[in-house]
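Residue numbers (the UniProt record's numbering): 1 to 44.
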């Protein structure tokens, strides 16, 4: 799993509301250790 942090804002890539449906909004948010801030890179 990966975590993505913006170097300028120090905020992390975050799925807004921790929803799991397709098309969920991606935002920057302070680190909170949630699963919605963990990312997996998948080859297609």
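Beta carbons are placed, not taken as given, at the ideal position from N, Cα and C, and that holds for glycine. Predicted model, so just to flag it, every value in this text is computed and none were measured.
Buried versus exposed call for residue i [16 or more other C-beta atoms within 10 Å across all chains shown]
i	result
residue 44	exposed
residue 36	buried
For residue i, the residue or residues it bridges with in DSSP
i	result
residue 12	5 and 29
Alpha-carbon to alpha-carbon, residue j and residue i
i	j	result
residue 10	residue 30	7 Å
residue 40	residue 6	17 Å
residue 27	residue 15	6 Å
residue 23	residue 42	17 Å
Residue i CB to nearest heavy atom of the ligand NAP below 6 Å
i	result
residue 29	With respect to the ligand NAP, the structure offers nothing, as it holds no ligand at all.
Residue i vs residue j beta-carbon contact at 7 Å
i	j	result
residue 38	residue 12	no
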